[in-house]
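This report refers to the structure that appears directly beneath it.
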Amino acid sequence: MSSIKNESSGSENTGPSVFLSEIIGSSVTVRLHNGVEYLGNLQSIDGYMNIVLDETKEFVGGEQARNYGDVFIRGNNGKCFSFRFVVLYCGFSLDI
Numbered sequence: 001m002s003s004i005k006n007e008s009s010g011s012e013n014t015g016p017s018v019f020l021s022e023i024i025g026s027s028v029t030v031r032l033h034n035g036v037e038y039l040g041n042l043q044s045i046d047g048y049m050n051i052v053l054d055e056t057k058e059f060v061g062g063e064q065a066r067n068y069g070d071v072f073i074r075g076n077n078g079k080c081f082s083f084r085f086v087v088l089y090c091g092f093s094l095d096i
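Rendered as structure tokens:
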């Protein structure tokens, strides 16, 4: 689903995969179900919400715990995904 045509207004709404592909390289935050957060540059994301970040910082309890080069986060571990302080996607299991 790359786009949806709105018949009433004639405008076109892009789907989430198009939007997500446009923010590759941007700084994002991913919060896991256990509360750990990863802040890094988005390198890849797929339809299962598997995410690859680089230059990643891990935060536990709001405090920076570690620095990583590359991080792979399985989509079913993620809880919330944000970009520029705006929440884009919460509840990877779609039960938001």
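Position one of the sequence shown corresponds to residue 1 (UniProt numbering), numbered consecutively onward.
For glycine and all other residues, C-beta sits at the position ideal for the given N, C-alpha and C.
In the structure shown, what three-state DSSP assignment does G69 receive? Taking the sequence shown and counting its residues from 1, one reaches residue 69 at position 69. Three-state DSSP puts G69 in a strand.
With distances taken Cα to Cα, identify the nearest neighbour of N77 among F19, R66, S27 and V52. Stepping through the sequence shown from its first residue, residue 77 is reached at position 77. Comparing Cα positions, the closest option is V52.
Any idea what DSSP makes of residue 135, helix, strand or coil? Summary: the structure shown does not reach residue 135, with the chain confined to residues 1 through 96, and so no result is reported for it.
To the nearest angstrom, how far is the alpha carbon of N50 from that of I73? By one-based count along the sequence shown, residue 50 stands at place 50. By one-based count along the sequence shown, residue 73 stands at place 73. Distance between the alpha carbons of N50 and I73 is about 6 angstroms.
Does any residue of chain D bring its CB to less than 8 angstroms from the CB of L53? Checking the listed chains, one finds no chain D in this structure; it contains a single protein chain.
Is V60 helix, strand or coil by DSSP? On the sequence shown, residue 60 is found 60 positions in, with the first residue counted as 1. V60: strand per DSSP, three-state reduction.
Round the Cβ separation of L39 and F59 to the nearest angstrom and send it over; I've been treating them as touching at under 8 angstroms. Position 39 of the sequence shown, counted from the first residue, corresponds to residue 39. Position 59 of the sequence shown, counted from the first residue, corresponds to residue 59. That belief holds up - the Cβ atoms of L39 and F59 are roughly 7 angstroms apart, short of 8 angstroms.
Leaving out five residues on either side along the sequence, give the residues of the same chain with a beta carbon under 6 angstroms from the beta carbon of G75. By one-based count along the sequence shown, residue 75 stands at place 75. For G75, where only same-chain residues beyond five positions count, the Cβ hits under 6 angstroms are Y48, M49, N50 and F92.
I45 burial status per 10 Å Cβ neighbour count (16 or more: buried): Position 45 of the sequence shown holds residue 45. Label assigned to I45: buried.
The ligand MN and Y38: does the residue's C-beta get closer than 7 angstroms to at least one heavy atom of that ligand? What this structure holds is no ligand at all, so the ligand MN is not there to describe.
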